[in-house]
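To start, the structure itself, in structure tokens.
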Amino acid sequence: MALRAVYARATAHNSIEQAASDLRAWLSWARRCRLEPFKKLAATLKERFDAVVRGMVDHRSNAFVEAMNGLLQQAKRAARGFRTSQNFIAIAYLRMSKLKHLPASPFAPAMPT
């Protein structure tokens with residue numbers, strides 16, 4: 004069974020026991036596989052087995068954290084001219100806060116009337 008199928012079954016059944024059983028079967032196959040990346044992945048999943056099973060059943064993802072990291076990287080690029088780390092932190096908060104009622108930018112072109 005492919006790892007994608009193991010995840011699909013775990014989310015469909017919503018059972019920790021079923022997810023753990025299927026993941027153990029996949030880990031057994033991966034450890035015997037001749038491909039080194041699969042062996043390395045199996046070792047990593049075995050180290051974090053309980054957390055992986057809970058994540059499969061709870062439908063958790065790190066997409067939100069990755070999106071925040073992207074926004075931070077944009078803020079870091081924009082803050083190159085600032086003098087202190089406090090200014091970078093201020094820009095990061097400003098960009099990531101998604102404020103709606105900010106005054107209009109003085110640098111934006113005026114709207115024709």
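All the letters of the sequence shown, read from the start, carry residue numbers 4 to 116 under the numbering used here. Idealized CB from N, CA, C, for every residue including glycine. Computed from a prediction, not measured in an experiment: that's the story for all the values here.
Could you tell me the boundaries of the alpha helix (DSSP H) in which Leu97 lies? 88-99
Tell me, please, whether the region 21-30 touches the region 40-54 by the rule of three or more beta-carbon pairs shorter than 8 Å. yes
Euclidean distance between Cα positions of Leu105 and Arg63: 33 Å
Considering only residues of the same chain and omitting the five flanking positions on each side of Ala78, which have a CB-CB separation below 6 Å? Ile94, Ala95, Arg98
Contact check, Asn90 vs Ala82 under 8 Å by CB: the rounded distance? 6 Å
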